[in-house]
Amino acid sequence: MQALPDTDAAASRLAAHQVSLGYGERPVVHQLTLQVPDHRISVIVGANACGKSTLLRGLARLLRPSSGSVLLDGQSIASLPSRQVARTLGLLPQNPVAPEGVTVVDLVGRGRHPHQSALQRWSREDEQAVAEALELTDALDLADRPVDELSGGQRQRVWIAMALAQQTDLLLLDEPTTYLDVAHQVEVLDLLADLNRQRGTTIVMVLHDLNLAARYADHLVAMCEGHIVAAGTPAEVITEECMGEVFGMDCRVVDDPVTGTPMVLPISRHHPARPTPEVSR
Amino acid sequence: MSAVLSEGPDVDSGARPVAPVTTTSRPQAAADAIAAVRRARRSPRRRTRLVVAGLSVALVLVFAARTMLGDFTITLPDFFRILGGTEIPGATYILMESKAPRAVLGVLVGLAFGIGGAIFQSSLRNPLASPDIIGVSIGASAAAVFAIVTLDQRGVAVAVAAVVGALGTSALVRWQAGSVGGNRLVLIGVGLSAAMLSVIQYLFTRADEWDAQVVLHWLTGSLNRVDWPTIRVLSALLLVLLPVLVLLARSTRVTELGEDTAAGLGVGPRRSDALLVVAVLLVALGVAAAGPVAFVSFLAGPIARALNGGRTTLLGAGLVGAVIVVGADHLAAYLVPDVNYPVGVVTGAFGAPFLLWLLATGRTSRRS
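In order, the protein sequences belong to chains A and B.
Mapping of the first sequence onto this note's numbering: position 185 corresponds to residue 1504, and the numbering continues sequentially without gaps.
Mapping of the second sequence onto this note's numbering: position 368 corresponds to residue 397, and the numbering continues sequentially without gaps.
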C-alpha cells in the first residue's frame, strides 16, 4: 500500500486513512489505509470475520470510525450531509429485505430518495433513472411484479437496479452473490462489470469466491484480522504465499484456463497435492 | 454524475473497450422503458388512492351512524340544522354534548393511533412492535394517571405527563433492546407493559376516590368522559405535529428497507428516530385524550396494508384507526342496552383474536 497523498483526490475519490472500526468495545479493523481507485472494480477478499464487511460499512458511513477517517472527495465522510453522500456513494447491504407487497418499480424508485425532497417527490429524471436502471439490469419485464414473488437471482438484479437508480459514481456491495447459484453469480458480476465499463462507476465489493474475484477485480484487496495483507492486481495478490497468510490454507495457484487470471486450488487434508504438480505457476 | 454518464469514464483504460451507453443509443427503447415504468407505477398508486377514498367514505358513514343512530335517532336534516345553530329540545343537547364530541374525538384519536402504530410497525419492521403492545401507550397512561392521582393535575399537564411517559417507555424499550425491531424488543415491551399496568393499578388503589369508569378509561381507553375543550387541545396539538409528520413520513419508504439500506439512501438512524418520536407523540396525545384504546395501533397498520396490496400506507392506517375507534364506540354504546362500555373493551375483544391469528400464522416478523 502506498501512503495516502492527502492532496491528490483525483485518482481516488474514496479512501480510508488510518481508520479503525469496530462494534462497541470490540475493534475489528485496525488503522487501515486504503485508496479505492476511481472507475475500477475493487474486490475485498478475506477469511470470515476478517473485517471486510466492517471495512465496507465504514467506507459507506454506516459505521463511525473510532479513529482515523474515511475521505470522500478529500473530505471526511462523517462531516458531509447524508444526502450529498447518498448522491455520490450507493450501498447494497448483504441481505437487503424488501417490504411486503412492494413492486419492483416501487422498490427501484426508492433508490431515487436522495434526489427527491418533500416538495419534489417524483420527477421526469426519477422516471428516467428508474427506467434506465431496470433496462440495464434486464428487469424491465418484472417492473410490476411484487418483489417477494421473484427468484433469488431476479431479486438480486432488482436490488442492484435500486442502487443504480440512485445514480452514484461509487457503488459498494457486500457479497452481492450470496445465495446465488454459479450461473446467477456470474450474471450479477457481469452486470456490475457492464456498469463499470459503460458508465465508469467505481465499484467496491466484498466477495467470497476467490476465482470470481480474480476474474472481475481490477484491484484486489486481501484482508486478514482487520489489516490489509496485500493489495494490487489479482496476479499480484493471489499467490500461494499470500493465500496461505490470509486464509491459513495451503493451496496451488494456477492460471484460470478460461480467463488466464489466477485460480486458487485449495489443498485439504483429504486431498494432498500430487507430488509433481504439472500446472503450478 | 451526468458528466460521467455522458462522457463515459475519463480514465486512460487502454485495455478496456468502452461500450456505448445503451439507453442513449436507442432512444425508442428508452421511451418504451419509461412507458413501462409509468405503467407499472400506475396500478399500485391507483389502488392506494382507491383505498384512501374508500376508507374516507367508510369513515363518513360510521361517523354518521355514531352521531345520528343509536338509542336516540337524529335525522339528517335535523343534524345539519343543529350544526347550523338551531335549538331542537333534547336533540341538540344529545348531539352536541354527547354524540358529536365522542365521534370527533374518536376520529382524532383513531387517526393518531393508526398513524403512530403504522410508523412503529413499518420502521421496526414487525407488526408486533406496535405502541400498544410494546408498552408505549400504557406507559403514557401510567404517567397520566400519576399526574392526575398523585400530582392532582388536569388538562394540558396530563397531556404533557402522557408524552413524558410515552417517551420514557420508548426510550427504555429502545435502550434495553437496541435498535433492531426483533422479537427481543417485543418481549421487553410486553414486560414493560405489564409493569406499567401494575403502576396504574397501584396508583388507583392509593387514590382517595375513583370509580370504575375512570379506571377503565386509563386501562383500556374510553371516549365516555369527553368534552369540547379536550378536543380543542388535542386537535391543536395534532395540527402542530402534522407538518413534521408530512416532512418525515417520506422517509418511511426508505426506513422500511432496513437500517443499512436506509443509511445508504441518505436516511440515517437519527432521521428514523425522529419519525419514531413523532409516532410516540401521536400515541401519547391520543392516550392523554382517550386512554390507551386497546389494539387500535396494532390493528390499523396491518388492515390498511392488507387493503393496499401489502404496502404500507400511513394515511390509510390513520383512516382505518379512525373507523375502528368510531365504529367500536358505536358498538360499545349500543350493543348491550343500557350499558355504556368503554370503547377499549370492544377494540380489545376484536384485537386479541387478531393478535392470536398473527402469532399462529407466523406473520410476526417479516423475512429478515
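For each residue, glycine too, the CB sits at the ideal point set by N, CA and C.
Within the stretch 1366–1426 of chain A, the complete alpha helix (DSSP H) segments at least 4 residues long are 1371–1378, 1401–1407, listed from N- to C-terminus. Minimum Cα-Cα distance from B/Ser166 among the listed residues B/Ala62, B/Trp204, B/Gly194 corresponds to B/Gly194. Interface with chain B (8 Å Cβ-Cβ cutoff): A/Gln1447 is included.
In this structure, A/Gly1472 sits away from A/His1358, with a CB-CB distance that is not shorter than 8 Å. In this structure, DSSP gives A/Ile1522 an extended state, which the three-state scheme calls strand. Take B/Leu387, set aside five residues on each side of it, and the residues of its chain with a beta-carbon closer than 8 Å to its own are Pro156, Leu157, Pro331, Thr393, in chain order. Contacts with chain B (Cβ-Cβ distance below 9 Å) from the stretch 1401–1422 of chain A involve Ser1401, Arg1402, Gln1403, Val1404, Ala1405, Arg1406, Thr1407, Leu1408, Gly1409, Leu1410, Leu1411, Pro1412, Gln1413, Asn1414, Pro1415, Val1416, Ala1417, Pro1418, Glu1419, Gly1420, Val1421, Thr1422, listed in chain order. Inclusion of B/Phe142 and B/Gly315 in the CB contact set at 8 Å is warranted, their separation being smaller than that value. A Cβ of chain B is located within less than 8 Å of the beta carbon of A/Gln1485. By the rule that beta-carbons nearer than 8 Å mark a contact, A/Glu1454 touches chain B.
Among the CB atoms of chain B, one or more fall inside 8 Å of the CB of A/Pro1433. By the criterion of at least three beta-carbon pairs nearer than 8 Å, the stretch 196–204 of chain B is in contact with the stretch 221–238 of chain B. In the structure shown, A/Asp1574 adopts extended strand secondary structure according to DSSP, grouped into three states.
For A/Leu1333, the uninterrupted beta strand (DSSP E) segment begins and ends at 1333–1342. Against A/Arg1429, the close residues of chain B are Arg282, Val283, Leu286, Leu294, in the order they occur along the chain (beta-carbon pairs closer than 8 Å). Nearest in C-alpha terms to A/Cys1570, of all of A/His1527, A/Arg1588, A/Arg1464, A/Gln1350, is A/Arg1588. Cβ atoms of B/Val322 and B/Val354 come within 8 Å of each other, at about 6 Å. Of all residues in the stretch 313–342 of chain B, the ones placed with a Cβ closer than 8 Å to any Cβ belonging to chain A are Arg334, Asn337, Gly338, Gly339, Arg340, Thr341, in chain order.
By the 16-neighbour rule on beta-carbons within 10 angstroms, A/His1590 is exposed.
Looking at the DSSP output, A/Gln1354 sits in a beta bridge with A/Ala1334. With contacts defined as CB atoms closer than 8 Å, A/Ala1335 and A/Gly1370 fail to qualify as a contacting pair. Contact check between the stretch 1521–1530 of chain A and the stretch 1429–1448 of chain A: fewer than three CB pairs, one atom from each, fall below 8 Å, which does not count as touching. Contact holds between the stretch 1446–1455 of chain A and the stretch 1475–1488 of chain A, because three or more Cβ pairs, one in each stretch, are under 8 Å apart. Leaving aside the five residues that flank A/His1503 on each side, the residues in its chain whose CB is nearer than 8 Å to its CB run, in chain order, Gly1471, Gly1472, Gln1475, Thr1496. Residue nearest to B/Thr341 within the set B/Ala329, B/Val374, B/Ala351 is B/Ala329 (criterion: CA-CA distance).
Where B/Val372 is concerned, the enclosing alpha helix (DSSP H) starts and stops at 372–389. Taking the CA atoms as reference points, B/Arg279 sits about 10 Å from A/Arg1429. Counting C-beta atoms within 10 angstroms of its own C-beta, A/Val1466 has 16 or more neighbours from the protein chains shown and is therefore classed as buried.
DSSP places A/Arg1440 outside both helix and strand once states are collapsed to three, so it counts as coil. For a cut-off of 8 Å, the C-beta gap from B/Phe149 to B/Pro160 is around 5 Å, short enough to register as a contact. The C-alpha of A/Leu1490 lies about 18 Å from the C-alpha of A/Leu1531. A/Gln1435 is not a Cβ neighbour of B/Ile63, given a cutoff of 8 Å. A residue is called buried once 16 or more other Cβ atoms fall within 10 Å of its Cβ, and B/Phe101, having fewer, is exposed.
Between the stretch 372–386 of chain B and the stretch 107–125 of chain B there are fewer than three inter-stretch CB-CB distances shorter than 8 Å, so the stretches are not counted as touching. Using a Cβ-Cβ cut-off of 8 Å, A/Val1424 counts as an interface residue toward chain B, since at least one Cβ of chain B sits closer than that to its own. A direct Cα-Cα distance of roughly 10 Å separates B/Phe108 from B/Met125.
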